[in-house]
Amino acid sequence: NAGVMQNPRHLVRRRGQEARLRCSPMKGHSHVYWYRQLPEEGLKFMVYLQKENIIDESGMPKERFSAEFPKEGPSILRIQQVVRGDSAAYFCASSPLVGGFTEAFFGQGTRLTVV
Amino acid sequence: DQQVKQNSPSLSVQEGRISILNCDYTNSMFDYFLWYKKYPAEGPTFLISISSIKDKNEDGRFTVFLNKSAKHLSLHIVPSQPGDSAVYFCAASQGAQKLVFGQGTRLTINP
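Read top to bottom, the protein sequences are chains A and B. Position 108 of the first sequence, counting from 1, maps to 108 under our numbering, and the rest follow consecutively. Numbering-wise, our numbering comes out as the position in the second sequence, counting from 1, plus 1000.
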């Protein structure tokens, strides 16, 4: 009964490189959310996806960031040409519900450090 | 535009006493509220939730109170235990969509 799996747990990238963060939702969950936590701050919503669809990307920066949740495989958050300000913890959550909401289950996060 | 606010960055409580964590929100369209607990280097763990049609929900040592007229909710933990030491986030949602989180309150339970 695996929970939400994120990998890698830690990722170090040089400025200008690309970062790819992966999230496998809990079994049976078809809704995935990505959040970012900057140091000493709360979690900020980035994007909400269902299989093959982006439902809400209002929290995603317009440039360099993209997300996908393909029919097969994990959800991917991609950050191109990373900058120091991208250093943060990125959390993925999944939920099974359509049209209703109880709670979202979070993964352990990927800590991105840009050097 | 901080729609969910936790004005106390930290709280220290003696073991066995009651811990009260507070949260205020500005968006009257929020219809579901949740509390998450977070340990360092881990993801948030769901604790307890409440629908906007209720004013109280209880689960063991944890009780959440919602005051819609004041746009305020609180989490009561009684009795507090050392394992409760963590960062607590309140969150709100509107229409089963994204969660909006507060900044968190670091709770320390002293023996």
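A virtual CB, placed ideally from N, CA and C, is assigned to each residue, including glycine.
| Query | Result |
| --- | --- |
| Environment of GLN1006/B [buried if 16+ CB atoms lie within 10 Å] | buried |
| Sheet register partners of ASP1024/B (DSSP bridge) | LYS1005/B, HIS1072/B |
| Contact set between the region 1040-1054 of chain B and chain A, restricted to residues whose Cβ is under 8 Å from the partner | ALA1041, GLU1042, GLY1043, PRO1044, THR1045, PHE1046, SER1049 |
| ASN1/A, DSSP secondary structure in three states | Note that ASN1/A scores 49 on pLDDT, short of 50, meaning its location in the model is unreliable and no value can be drawn from it. |
| CB contact below 8 Å: LYS1098/B versus chain A | yes |
| Per-residue contacts from GLU41/A into chain B (C-beta, under 7 Å) | GLN1103 |
| Cβ shell of ARG64/A (< 7 Å), same chain only, five flanking positions each side left out | ILE79, GLN80, GLN81 |
| Separation of GLN1094/B from ALA1086/B, as counted between CA atoms | 26 Å |
| HIS10/A CB to nearest heavy atom of the ligand PLP below 7 Å | Although the ligand PLP was asked about, the structure shown includes no ligands whatsoever. |
| Closest Cα partner of ALA1070/B within the set SER1012/B, ASP1059/B, TRP1035/B, SER1052/B | SER1052/B |
| Burial state of GLY109/A (16 or more Cβ within 10 Å) | buried |
| Cβ neighbours of TYR1047/B in the same chain (closer than 7 Å, five flanking residues each side left out) | Contrary to the premise, residue 1047/B reads as Leu rather than Tyr in this sequence. Same-chain partners within the cutoff: TRP1035, TYR1036, LYS1037, PHE1062. |
| Within 8 Å, strictly: CB atoms of GLY1043/B and GLY107/A | yes |
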